[in-house]
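According to this note's numbering, the sequence shown is numbered sequentially starting from 13.
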Amino acid sequence: MEQLVEHYRHPRHRHQLPDADVVMPGGNPGCGDIVTIYLKVDPEGHLVAAASFEGEGCTISQAAADILLDVVNEERWTLDQVLEADYHLMAELIGEEAVRLRPRCATLALGTLKAAVTKYLRDRLRREAGLDIVEQENERFGIVTGDQVEMPRDVSS
């Protein structure tokens, strides 16, 4: 528990990354905890070059984020390592009792980091497939697609 309090009071990774490739908010609706992960990926697209967070919430959610990012940054995790990380990792990092008492708070940062990596990989695939170009062309001509489309209006009257 002492480790949690120390990381909560003196976080090392609590700051924005201005050049982040992905900014991913995550939340725990049950208690209102929020963690926003900032992710920078190396130029080759395989390693976490840097990761940080901002957030509000309980000691467990905020300290767990800082402790997790200590490991990810210091061990230079690959994107695959992030995606393969089991939620039991948090029990190893912050203690089984904290995870047992507040599982959502304890795993919020890991879930949000996984979502950030997934978004990075999805966006990279879209760029490689040229889908961003299609969206730019559609926008240029005023065409909306996907969730932005409203039901058509009846123009016959």
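In this text, a Cβ means the ideal position worked out from N, Cα and C, and glycines have one as well.
For PRO37, the enclosing beta strand (DSSP E) starts and ends at 34 to 40.
Boundaries of the beta strand (DSSP E) harbouring GLU68: 60 to 68, taken from the DSSP string. For LEU120, the enclosing alpha helix (DSSP H) covers residues 115 to 141.
A Cβ-Cβ separation of about 11 Å leaves ALA75 out of contact with HIS25 under the 8 Å criterion. The three-state reading of DSSP puts ASP31 in coil, since its state is none of H, G, I, E or B. Its Cα nearest to that of LEU133, the residue HIS58 stands out among GLY154, GLU151, HIS58, HIS22. When only Cα atoms are considered, VAL60 and ARG152 end up about 34 Å apart.
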